[in-house]
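Residue numbers (my numbering), protein chains in the order written: chain R, 1 to 117; chain G, 118 to 228. Here's the structure we're looking at; comments come further down.
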Amino acid sequence: GAVVSQHPSWVICKSGTSVKIECRSLDFQATTMFWYRQFPKQSLMLMATSNEGSKATYEQGVEKDKFLINHASLTLSTLTVTSAHPEDSSFYICSVPGQGDTNYGYTFGSGTRLTVV
Amino acid sequence: DAKTTQPPSMDCAEGRAANLPCNHSTISGNEYVYWYRQIHSQGPQYIIHGLKNNETNEMASLIITEDRKSSTLILPHATLRDTAVYYCIVRVTTGTYKYIFGTGTRLKVLA
Numbered sequence: 001g002a003v004v005s006q007h008p009s010w011v012i013c014k015s016g017t018s019v020k021i022e023c024r025s026l027d028f029q030a031t032t033m034f035w036y037r038q039f040p041k042q043s044l045m046l047m048a049t050s051n052e053g054s055k056a057t058y059e060q061g062v063e064k065d066k067f068l069i070n071h072a073s074l075t076l077s078t079l080t081v082t083s084a085h086p087e088d089s090s091f092y093i094c095s096v097p098g099q100g101d102t103n104y105g106y107t108f109g110s111g112t113r114l115t116v117v
Numbered sequence: 118d119a120k121t122t123q124p125p126s127m128d129c130a131e132g133r134a135a136n137l138p139c140n141h142s143t144i145s146g147n148e149y150v151y152w153y154r155q156i157h158s159q160g161p162q163y164i165i166h167g168l169k170n171n172e173t174n175e176m177a178s179l180i181i182t183e184d185r186k187s188s189t190l191i192l193p194h195a196t197l198r199d200t201a202v203y204y205c206i207v208r209v210t211t212g213t214y215k216y217i218f219g220t221g222t223r224l225k226v227l228a
């Protein structure tokens, strides 16, 4: 499967500021990446599909103006949490489809734990 | 909505086989069954996938019923490091298709 690097692994920010999370596909050119959010003791919730060179597709209930996604190259997608508030504190995870026929499924980043204070 | 149902939690003694069931009664003919696990505070890790035949790799075995409405992930000799949340997902493999996670099974391996 693809090798995925997600950065930072954790971040603490003040309420009202913006935070950018990066997801890099190190060995695979990904035209599509996915962003998930996970609250404590809950499952992963798909937020949006990041599309290289075009607008992201957001899941129902996810504010596109708050969670800005940019997929400017085949190896990098970024998620920016704008005007963060304590309720945005969560674990954010990206995933990248595998190569070819996805024999190994999708590869997930190691996640970013965001704490808004 | 997630298309799978799993028991919320299971315990298994270290060294014994862990059998994790998954129900996917509405699975379509072109959908595969994928299993992932998530160790605390990490991203999910791929384990195995299959269509209709049983599959085995270095991590686990996957048994899919003949009608494909359910499957079982088998960890043959569970260790403490296998303690994690295990997710069963169904999806097509043609094109890029998003994963929808269900609630998963929290497996606790006991010493």
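For each residue, glycine too, the CB sits at the ideal point set by N, CA and C.
DSSP places D184/G in the coil class of the three-state scheme, outside both helix and strand.
Straight-line spacing of the CA atoms in F34/R and L79/R works out to 10 angstroms.
About 6 angstroms separates the beta carbons of G219/G and S43/R, which is inside the 8 angstroms limit, making them a contact pair. Looking at the DSSP output, N70/R sits in a beta bridge with T78/R. Note on geometry: alpha-carbon atoms of R24/R and T75/R lie some 5 angstroms from one another. A distance of 8 angstroms or more separates the beta carbons of Y149/G and V226/G. By the CB criterion at 8 angstroms, L197/G and E131/G fall inside the cutoff.
Apart from sequence neighbours up to five positions away, the residues of its chain that approach S142/G with a beta-carbon distance below 7 angstroms are K186, ordered along the chain. Using a Cβ-Cβ cut-off of 8 angstroms, L46/R counts as an interface residue toward chain G, since at least one Cβ of chain G sits closer than that to its own.
When 7 angstroms is used as the limit between beta carbons, F108/R is near these residues of chain G: G160, P161, in chain order. Pairing K14/R with I21/R, the inter-Cα distance amounts to about 16 angstroms. Where L46/R is concerned, the enclosing beta strand (DSSP E) starts and stops at 45-51. Residues of chain G whose Cβ lies closer than 8 angstroms to the Cβ of I93/R are, in chain order, G160, P161.
If you check the CB distance, I164/G and R154/G come in under 8 angstroms. From the listed residues V116/R, Y106/R, E52/R, the smallest Cα separation to Y36/R is found for Y106/R.
The beta-carbon of I180/G is placed no less than 8 angstroms from the nearest beta-carbon of chain R. Looking at the backbone, the Cα of T57/R and that of E172/G are separated by about 34 angstroms. Neighbourhood of S43/R in chain G, by CB distance below 7 angstroms: F218, G219, T220, G221, in chain order. Close to G61/R, with beta-carbon spacing below 7 angstroms, lies no residue of chain G; the smallest spacing is near 13 angstroms. A228/G and T200/G have their C-alpha atoms spaced approximately 11 angstroms apart. Proximity of chain G to F39/R at the Cβ level (cut-off 8 angstroms) is not reached, the minimal Cβ distance being about 13 angstroms.
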